[in-house]
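The next block holds one structure in the form of structure tokens; read it before the comments.
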Amino acid sequence: MGKKAKNLSEEQVSRIAERIGAQQKQVSAKDGANRPGRMSAYLVGGASGLVLALAAPFLRPVMRSAVKGGILVGRYARQVGSSMKEEFEDIVAEAEADLEKEKGEMKEEG
């Protein structure tokens, strides 16, 4: 370890061993307590998958109408975005024209 390594006394070693043993007991106790919760989660997940598989034919029209609605919203958003872009471009063009006009007026005065 090096010249500065210290020797631990037997008392220090036994304290460290006790701490490690206590920590291991706590960890193993937590694992056992959580196992029934995990099992029920697996069962619920499997059951929900089975229910969705059985209900898929009935859910198909609902999903199709939801997708249609999403497409319509997307088209509307694209249209609104396009009109906003055109409006902003008009504002930028007007501002540039104003700046050019002011620049021309300053040259005439100066």
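Here numbering that gives the first Met the number 0 is used: the first residue of the sequence shown is 0, the next is one more, and so on.
C-beta atoms are modelled at their ideal positions from N, C-alpha and C, and glycine is treated no differently.
Please read all numbers here as calculations on a predicted model, not as lab measurements.
Here DSSP, grouped into helix, strand and coil, assigns Ser-64 to helix. In the structure shown, Ser-8 falls within a coil segment according to DSSP collapsed to helix, strand and coil. Counting only the Cα atoms, Ala-40 lies some 29 angstroms from Ala-65.
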